[in-house]
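Residue numbers (the numbering used here), protein chains in the order written: chain U, 756 to 1069; chain G, 260 to 460.
For each residue, glycine too, the CB sits at the ideal point set by N, CA and C.
Read the structure below first, then the notes.
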């Protein structure tokens, strides 16, 4: 029994797979934080009346000093670089994960909680506490690649479980709060129209497609059924590899629909980085346009490509 | 945990239908326990067994993360947090009527247009700007907030033709908004203030 559970939760996995996921999640986090930096810095506020702490921020009785908060944001940005490169991972990665959690929690403590960063935050926390820099990292330079092991399997399984949980919880919330009425499509149609009106009336960009489609109730019946089904079957993605891949594609399509109809971008999902735990991520080094880079890093096959990837760390 | 050699994953990668099974990975299915000596590992020698302490850490940490993830289910449906959430978006019935407190720019010809988040709230994030406006209007000093917004309008080259700012609460039928037009069903203007354009009023 314990052995079966071990094989399920800690499947023997190449170190390069986990290293590749760390590098790609790290690259996403670095770029995302750089783009979001003005937004994050804008919460260097001392307005006690507006401060509505959530999560860890509830431990703080009042807003953090603006200068201290700005320093923490800057440090988070700086530590995203070693996380991406896999440098001094055992020390710096947990620090980065903790700071990311604090900065994103704090930025959500001003009255409106955004749900776009939840999976990223958990993924970084898991990777930070996992041996995710044993391959494809500065830490692994001049070292032989360690053999495939369950050490590299459980972090990906847990990251996959985080993604699954996000959608399963969303499905449960729909059934809990509205029952199967959601399947009628009207709720979803009203949400799409509402989201677009809200954006327009707050002076932001909206989706012309969603605005146009909100005049036609029928498509929303299909969209509601698809989204609820995809959410409720999410756990199966943990038990069957191929299903996990197709489920990831379906959820990616769902987010593409949200972007097209509501102009709301869940970029961690839209870039597919969120779904890497369901893929054999190390295979990107065998494909264009990553192949040449992979060869330089020593993780992609050379020549005609028939050979196995060289078991050499970056 | 020992890393027993088991059957290699028989399923090709869905992203690569004709791919050969991954030699460096062993299937995780519970019944795949047949050793496969014919499949060499691309990653060198077999891994050392994982220690009981490491396995205990993995299971304890995983259980903790999963328990935290699902803990919001035990809370009130309207409670939300970060990064733990029960993802209430789209879960409640959404009526067609929608009421919003907003910042409007009043143009010389009388047209009213919503001011963008950077002008209305000094923030790029649209949903955060909504909360800033709401707090600014209902927080007890709407007039001061109106002048704050007006100062940002005056500093914005894109809003040179905006003469005044109105902080208003408006209600729409969100479906009719796109079918018959964006006029609100009702609108209450809380406060109006002039824009201090340079050389102007």
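Straight-line Cα distance separating residue j from residue i
{"i": "residue 901(U)", "j": "residue 772(U)", "result": "12 Å"}
{"i": "residue 1042(U)", "j": "residue 799(U)", "result": "43 Å"}
{"i": "residue 401(G)", "j": "residue 426(G)", "result": "8 Å"}
{"i": "residue 909(U)", "j": "residue 929(U)", "result": "30 Å"}
{"i": "residue 761(U)", "j": "residue 335(G)", "result": "35 Å"}
{"i": "residue 766(U)", "j": "residue 1029(U)", "result": "20 Å"}
{"i": "residue 1048(U)", "j": "residue 869(U)", "result": "35 Å"}
{"i": "residue 873(U)", "j": "residue 369(G)", "result": "43 Å"}
{"i": "residue 782(U)", "j": "residue 876(U)", "result": "14 Å"}
{"i": "residue 842(U)", "j": "residue 768(U)", "result": "22 Å"}
{"i": "residue 316(G)", "j": "residue 324(G)", "result": "12 Å"}
{"i": "residue 802(U)", "j": "residue 378(G)", "result": "18 Å"}
{"i": "residue 406(G)", "j": "residue 454(G)", "result": "8 Å"}
{"i": "residue 1036(U)", "j": "residue 318(G)", "result": "24 Å"}
{"i": "residue 793(U)", "j": "residue 1002(U)", "result": "34 Å"}
{"i": "residue 443(G)", "j": "residue 429(G)", "result": "6 Å"}
{"i": "residue 1000(U)", "j": "residue 813(U)", "result": "38 Å"}
{"i": "residue 973(U)", "j": "residue 415(G)", "result": "43 Å"}
{"i": "residue 1031(U)", "j": "residue 913(U)", "result": "12 Å"}
{"i": "residue 758(U)", "j": "residue 785(U)", "result": "38 Å"}
{"i": "residue 893(U)", "j": "residue 840(U)", "result": "6 Å"}
{"i": "residue 911(U)", "j": "residue 1020(U)", "result": "24 Å"}
{"i": "residue 372(G)", "j": "residue 365(G)", "result": "7 Å"}
Buried versus exposed, by CB contacts within 10 Å (16 or more), residue i
{"i": "residue 844(U)", "result": "buried"}
{"i": "residue 922(U)", "result": "buried"}
{"i": "residue 996(U)", "result": "buried"}
{"i": "residue 935(U)", "result": "exposed"}
{"i": "residue 439(G)", "result": "exposed"}
{"i": "residue 1013(U)", "result": "buried"}
{"i": "residue 358(G)", "result": "exposed"}
{"i": "residue 339(G)", "result": "buried"}
{"i": "residue 971(U)", "result": "exposed"}
{"i": "residue 804(U)", "result": "exposed"}
{"i": "residue 384(G)", "result": "buried"}
{"i": "residue 898(U)", "result": "exposed"}
{"i": "residue 903(U)", "result": "buried"}
{"i": "residue 268(G)", "result": "In this predicted model, residue 268(G) has a pLDDT of only 38, less than 50, meaning its place in the structure is not dependable; the value taken from the coordinates is given anyway. With 16 or more other Cβ atoms within 10 Å, it is buried."}
{"i": "residue 915(U)", "result": "buried"}
{"i": "residue 881(U)", "result": "buried"}
{"i": "residue 986(U)", "result": "buried"}
{"i": "residue 889(U)", "result": "buried"}
{"i": "residue 363(G)", "result": "buried"}
{"i": "residue 770(U)", "result": "buried"}
{"i": "residue 1033(U)", "result": "buried"}
C-beta neighbour in chain U for residue i, strict 8 Å
{"i": "residue 386(G)", "result": "yes"}
{"i": "residue 342(G)", "result": "yes"}
{"i": "residue 434(G)", "result": "yes"}
{"i": "residue 311(G)", "result": "no"}
{"i": "residue 306(G)", "result": "yes"}
Chain G contact for residue i (CB, 8 Å cutoff)
{"i": "residue 1045(U)", "result": "no"}
{"i": "residue 909(U)", "result": "yes"}
{"i": "residue 931(U)", "result": "yes"}
{"i": "residue 1040(U)", "result": "no"}
{"i": "residue 906(U)", "result": "yes"}
{"i": "residue 916(U)", "result": "yes"}
{"i": "residue 870(U)", "result": "yes"}
{"i": "residue 902(U)", "result": "yes"}
{"i": "residue 959(U)", "result": "yes"}
{"i": "residue 1006(U)", "result": "no"}
{"i": "residue 866(U)", "result": "yes"}
{"i": "residue 819(U)", "result": "no"}
{"i": "residue 1051(U)", "result": "no"}
Inter-residue CB distance, residue i and residue j (contact presumed, cutoff 8 Å)
{"i": "residue 952(U)", "j": "residue 433(G)", "result": "5 Å"}
{"i": "residue 420(G)", "j": "residue 367(G)", "result": "6 Å"}
{"i": "residue 780(U)", "j": "residue 328(G)", "result": "Not quite, the Cβ-Cβ distance comes to about 18 Å (not below 8 Å), so this is no contact."}
{"i": "residue 1054(U)", "j": "residue 832(U)", "result": "Actually they do not touch by this definition, with Cβ atoms about 27 Å apart."}
{"i": "residue 309(G)", "j": "residue 905(U)", "result": "6 Å"}
{"i": "residue 396(G)", "j": "residue 927(U)", "result": "At roughly 35 Å, the Cβ-Cβ gap does not stay under 8 Å, so residue 396(G) and residue 927(U) are not in contact."}
{"i": "residue 341(G)", "j": "residue 810(U)", "result": "5 Å"}
{"i": "residue 852(U)", "j": "residue 885(U)", "result": "That pair is no contact at about 11 Å."}
{"i": "residue 1015(U)", "j": "residue 943(U)", "result": "In fact, because the Cβ distance is near 14 Å, the residues do not count as touching under 8 Å."}
{"i": "residue 353(G)", "j": "residue 975(U)", "result": "Contact doesn't hold; Cβ gap of about 11 Å is too wide."}
{"i": "residue 858(U)", "j": "residue 822(U)", "result": "About 14 Å; that fails the 8 Å criterion."}
{"i": "residue 933(U)", "j": "residue 351(G)", "result": "6 Å"}
Distance cut-off 7 Å: residue i Cβ against heavy atoms of the ligand SAH
{"i": "residue 388(G)", "result": "Among the components modelled here there is no ligand, and therefore nothing to report on the ligand SAH."}
| Is the number of C-beta pairs between the stretch 956–963 of chain U and the stretch 384–398 of chain G that are closer than 8 Å three or more? | yes
| task | May I ask you to verify whether the stretch 1009–1024 of chain U touches the stretch 978–989 of chain U, counting CB pairs closer than 8 Å and requiring at least 3? | result | Touching, yes, given that three or more Cβ pairs across the two stretches are closer than 8 Å.
| message | Closer than 7 Å between beta carbons: that is the criterion. Which residues of the stretch 771–804 of chain U meet it against chain A? | response | Checking the listed chains, one finds no chain A in this structure; the protein chains it contains are U and G.
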